[in-house]
Amino acid sequence: MKTNYLVLPILALAGLGLAGCPSDDTGNQTGSSTGDDTTNGTTVTPPTTMTTMDPDSTVGTVGMTSTAGTDTGETSTTDPPTGPFEFDETPFEDYVAVDRKGFPAINTGLNLLGDKDVYNAATPVDDAALTFNMNIRQSLETLHLGAPGEQTADNTGLDDDLIGAGFTPCITPPLPANNCDDQSGSYAIPDVLTLDLDDPAAFPNGRTLENPVMDIIFAVLLLDLEAHDVTTFLDLDQDGTPGPSINPIANDVEFPGDFPYLAPANE
Amino acid sequence: MLTTRSFAGTNAMAIVVELDASTTVGANADDFLQIWATSGTL
Chain A
1 MKTNYLVLPI
11 LALAGLGLAG
21 CPSDDTGNQT
31 GSSTGDDTTN
41 GTTVTPPTTM
51 TTMDPDSTVG
61 TVGMTSTAGT
71 DTGETSTTDP
81 PTGPFEFDET
91 PFEDYVAVDR
101 KGFPAINTGL
111 NLLGDKDVYN
121 AATPVDDAAL
131 TFNMNIRQSL
141 ETLHLGAPGE
151 QTADNTGLDD
161 DLIGAGFTPC
171 ITPPLPANNC
181 DDQSGSYAIP
191 DVLTLDLDDP
201 AAFPNGRTLE
211 NPVMDIIFAV
221 LLLDLEAHDV
231 TTFLDLDQDG
241 TPGPSINPIA
251 NDVEFPGDFP
261 YLAPANE
Chain B
1001 MLTTRSFAGT
1011 NAMAIVVELD
1021 ASTTVGANAD
1031 DFLQIWATSG
1041 TL
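For the record, the sequence lines run as chains A and B.
Residue numbers for the first sequence follow this note's numbering, beginning at 1 and rising by one.
Residue numbers for the second sequence follow this note's numbering, beginning at 1001 and rising by one.
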């Protein structure tokens, strides 16, 4: 049985969208991960609670990782509740969306100048209507050349640094013959994580915990992928073996391999 | 009885949902999923 698991870095799960899509919506599936990495920069707490929602349903098993502390940062050894849970049946449309997650880091990296709350309240339907297209283009320009209208000798973006380090950046909008938006746009519009069950599951076809997604995303956003492999930042000598890399190529704690799959916390 | 509000005050870092992907695809012959998640408040 093929099994898929989703890790949702959110406090309250109000809605989870899963939709089968026609094959012509596959978009750009540039490259794949070959490395092992990383929840670098992310604090993952121990799996402490799990419950089966409905053994007859197709929903499967739900687990939650948490600490029993509060927002004060306190941690506790008190076991969290173990269910069964009685879920609120308030209609979905009565909720106000406050966050969303599909493809990694879109709101973080390609909505640099826009209102992030507005983005979080939107849906993939809004993405497909190109609601945030200008944000994406301006974010690429900011990353490469500096913020639009504010480019000075001290605000040059990353292109000069990339060139100085021996890389060939992609060409950002609004420059002629730009290709950065072609490389990254299909991942951001719409902002969903695609998974084709006929292909091996590895980012960007889905996302496993070991996948070094940020190093790959950095390559897509910053580099000319006609000149560089999408794995460049996790295999800098390009010998086909991960490392040396910009970020660690493996998580610092081994993943357990069974549900709920997350590594124990760094204490 | 525990409810969704039982999560209030906890430092939930991740919620893991495990499901049978092939069942989720259902009758879609393309074996293709698009996945996103939202969180919200009342």
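Ideal Cβ placement from N, Cα and C applies to all residues, glycine included.
Nothing here was measured: the structure is a model prediction, and the numbers come from that model.
Alpha-carbon to alpha-carbon, residue j and residue i
{"i": "D199 (chain A)", "j": "Q151 (chain A)", "result": "43 angstroms"}
{"i": "L236 (chain A)", "j": "C180 (chain A)", "result": "21 angstroms"}
{"i": "L223 (chain A)", "j": "M214 (chain A)", "result": "13 angstroms"}
{"i": "V253 (chain A)", "j": "L110 (chain A)", "result": "30 angstroms"}
{"i": "P190 (chain A)", "j": "S1039 (chain B)", "result": "18 angstroms"}
{"i": "N120 (chain A)", "j": "V1017 (chain B)", "result": "21 angstroms"}
{"i": "P272 (chain A)", "j": "D159 (chain A)", "result": "No statement about residue 272 (chain A) is possible, as the shown extent of chain A runs from 1 to 267 and does not include it."}
{"i": "G257 (chain A)", "j": "T156 (chain A)", "result": "44 angstroms"}
{"i": "P204 (chain A)", "j": "E89 (chain A)", "result": "34 angstroms"}
{"i": "M50 (chain A)", "j": "P260 (chain A)", "result": "Because the pLDDT of M50 (chain A) is 35, which lies under 50, any placement of that residue in the model is unreliable, and the number read from its coordinates should be weighed accordingly. So the alpha carbons of these two residues sit roughly 8 angstroms apart."}
{"i": "A1012 (chain B)", "j": "A153 (chain A)", "result": "43 angstroms"}
{"i": "E210 (chain A)", "j": "Q238 (chain A)", "result": "19 angstroms"}
{"i": "L1019 (chain B)", "j": "N178 (chain A)", "result": "40 angstroms"}
{"i": "T1010 (chain B)", "j": "N247 (chain A)", "result": "30 angstroms"}
{"i": "S23 (chain A)", "j": "D1031 (chain B)", "result": "With a pLDDT of 34 at S23 (chain A), under the threshold of 50, the predicted position of this residue should be treated as unreliable, though the coordinate-derived value follows. Near 9 angstroms, if we compare the C-alpha coordinates of D1031 (chain B) and S23 (chain A)."}
{"i": "T1023 (chain B)", "j": "A1029 (chain B)", "result": "12 angstroms"}
{"i": "V96 (chain A)", "j": "G166 (chain A)", "result": "46 angstroms"}
{"i": "G93 (chain A)", "j": "A1014 (chain B)", "result": "Note on residue identity: the sequence assigns Glu, not Gly, to residue 93 (chain A). If you take the alpha carbons of E93 (chain A) and A1014 (chain B), they lie about 23 angstroms apart."}
In DSSP terms, what residue i is bridged to
{"i": "V96 (chain A)", "result": "B:T1041"}
{"i": "T1032 (chain B)", "result": "Checking the displayed sequence, the identity of residue 1032 (chain B) turns out to be Phe instead of Thr. DSSP lists A:D196 as partners of F1032 (chain B)."}
{"i": "A188 (chain A)", "result": "DSSP output for A188 (chain A) lists no bridge partner at all."}
{"i": "K101 (chain A)", "result": "B:A1037"}
{"i": "N289 (chain A)", "result": "No answer is possible for residue 289 (chain A): it lies beyond the span of chain A, which begins at 1 and ends at 267."}
{"i": "A202 (chain A)", "result": "A:N205"}
{"i": "L223 (chain A)", "result": "A:P169"}
Distance CB(residue i)-CB(residue j) smaller than 7 angstroms
{"i": "A227 (chain A)", "j": "T142 (chain A)", "result": "no"}
{"i": "T1041 (chain B)", "j": "V98 (chain A)", "result": "yes"}
{"i": "S139 (chain A)", "j": "L162 (chain A)", "result": "no"}
{"i": "Y187 (chain A)", "j": "F132 (chain A)", "result": "no"}
{"i": "Q183 (chain A)", "j": "L225 (chain A)", "result": "yes"}
{"i": "L195 (chain A)", "j": "G206 (chain A)", "result": "yes"}
{"i": "L234 (chain A)", "j": "S245 (chain A)", "result": "yes"}
{"i": "A1037 (chain B)", "j": "K101 (chain A)", "result": "yes"}
{"i": "A105 (chain A)", "j": "I216 (chain A)", "result": "no"}
CB-CB length for residue i against residue j, believed under 8 angstroms
{"i": "T232 (chain A)", "j": "A219 (chain A)", "result": "5 angstroms"}
{"i": "I249 (chain A)", "j": "G185 (chain A)", "result": "Not a contact, Cβ separation roughly 28 angstroms."}
{"i": "V192 (chain A)", "j": "Q1034 (chain B)", "result": "4 angstroms"}
Interface flag, residue i vs chain E, CB-CB below 7 angstroms
{"i": "L195 (chain A)", "result": "Of the chains in the structure shown, none is chain E; the protein chains are A and B."}
Residues in the stretch 232-266 of chain A having any Cβ partner in chain B nearer than 9 angstroms: F259, P260, Y261, L262, A265
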